[in-house]
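First up is the structure itself, then whatever we jot down about it.
Number of protein chains: 2
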Amino acid sequence: MNALHQCISQYHPISIAAWEALTKALTRVEVPKNSFLVKEGMVCNKLYFLERGCLRGYYNLDGKEVTYWFGFENNFITSFYSFISRKPGIENIQVLEDSTLWGISSEALHQLFDQHHDLERLVRIINEQYYIRLEERLMAMQFKTARERYEQLLETSPHILQRIPLGQIASYLGISQETLSRIRSQV
Amino acid sequence: MNALHQCISQYHPISIAAWEALTKALTRVEVPKNSFLVKEGMVCNKLYFLERGCLRGYYNLDGKEVTYWFGFENNFITSFYSFISRKPGIENIQVLEDSTLWGISSEALHQLFDQHHDLERLVRIINEQYYIRLEERLMAMQFKTARERYEQLLETSPHILQRIPLGQIASYLGISQETLSRIRSQV
DNA sequence: TCTTTCTTTTGACAATTGTCAAAAAAGGAA
DNA sequence: TTCCTTTTTTGACAATTGTCAAAAGAAAGA
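Line by line, the protein sequences are chains Y and R.
Each residue of the first sequence is one higher than the last, beginning at 1 in the numbering used here.
Each residue of the second sequence is one higher than the last, beginning at 188 in the numbering used here.
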């Protein structure tokens, strides 16, 4: 819970009242490795904060698993499209290591928004920061070679390489596992 | 102005008071074709609503212009990274057709947020919708071939093809102009 | 320890896409 | 119209990346 408070403060400090209301609405979730937090076809009604562990989001395309994000400590996690639109998504969220999360339902969050303006501001700000990250990823995907994307990942998130199988990283980078393996051997 | 009101209502209706405060803070901007709304190296301090015309965002990479978005009627326009972080960006926003915009400064917008909770909610919701769009684009970029991305663009935004030069569309799709030309001839 | 399973690497080849250069087509201005 | 500029297409070739199959290596369980 402390990790969440610290994480929030980096984005936008909130009032004590808002924090207390938030903590009351949060549920602690412990999930074991290889379980699923979200499965395709379901509505993801919860937003999570990942305190410990790691997850990945992927979907199935032509029989292949396509990874499009990883979540690590202090990340906010949800099946974004589904959570926002309240419709079933195509996304699976798989637990890659035993993890501890704090979850809040969409309804509870929106109630809190009504009561605590500063909480809604916090979420707006977090959204904006996540948008910027996504934009950077899109640019890399659009205009950089596989090797450049890999080297960028090495710089910004070296921890990914220690914790995630190569095939999933390759998928995340938008290349085949064989290509990534060859890139690594040619550094 | 009416177009903006209608556009806003589709995302989240706001109170009359909020709308009136917003309209007071807006400035009408007319920009001619080939002018620039934002140039790289400057802080983009304004958020715009595009009422009429069309724009593109691009940056320079190794001497090439890299287009990463187009804006059309009823789109919100800004150099997002710069606007949010209040730092200089690498982005240029070029006017592709004579355009009419409504602009608001970052300061004015944040003042409005303090006074009108529902306006901040509106922006949160718009941000979320734009996030989802970006996510879709990233997925296409990550896991679809050039041809598939082009066909997807044909379906979702056929108007782009009538209004934008091929080279810029190719850049937007992350492929060379020659490749796009060949894809088109082989449909 | 020895299996068994999962992950990573390597080889051979094919498909996709990029680059450079030139030609063709289209659009604007006088 | 004609000239000039911009945009689009085409050709030839190279570079990048993907696919399939097999081998090698690492990790996990009995």
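Virtual Cβ for every residue (Gly too), placed ideally from N, Cα, C.
Just so you know, the alpha carbons of Y/I8 and Y/A140 end up roughly 28 Å apart. DSSP places Y/R121 in the uninterrupted alpha helix (DSSP H) bounded by 117-143.
Between the alpha carbons of R/F330 and Y/D118 lies a distance of about 38 Å.
In the DSSP annotation of this structure, the continuous segment of the beta strand (DSSP E) that includes Y/G57 starts and ends at 46-61. Look at R/G276: its C-beta is not under 8 Å from any C-beta on chain Y.
Shown in chain order are the members of the stretch 166-183 of chain Y whose Cβ falls below 7 Å from a Cβ of chain R: G174.
A distance of 8 Å or more separates the beta carbons of Y/T78 and Y/Y59. Not a single C-beta of chain R is nearer than 8 Å to the C-beta of Y/F72. At a cut-off of 8 Å between C-beta atoms, R/H304 counts as an interface residue with respect to chain Y. At a cut-off of 8 Å between C-beta atoms, R/F330 counts as an interface residue with respect to chain Y.
Checking the DSSP bridge columns, you'll see Y/R149 has no partner listed. DSSP, read as helix, strand or coil, puts Y/L26 in coil. The alpha carbon of Y/Q177 has as its nearest neighbour, out of Y/A146, Y/C44, Y/Y131, Y/Q152, the alpha carbon of Y/A146.
Following the DSSP letters along the chain, one finds Y/N75 inside the beta strand (DSSP E) bounded by residues 75-77.
Contacts with chain R (Cβ-Cβ distance below 7 Å) from the stretch 39-65 of chain Y involve L61, listed in chain order. Within the stretch 296-325 of chain R, those residues whose Cβ lies closer than 9 Å to any Cβ of chain Y are, in chain order, F300, D301, H304, E307, R308, V310, R311, I312, N314, E315, Q316, Y317, Y318, I319, L321, E322, E323, R324, L325.
Sixteen is the threshold: when 16 or more other Cβ atoms of the shown chains lie within 10 Å of the Cβ of R/A357, as they do, the residue is buried. The Cβ-Cβ distance between Y/E128 and R/R308 does not fall below 8 Å. Counting the other CB atoms within 10 Å of its CB gives Y/I104 a total of 16 or more, which places it among the buried residues.
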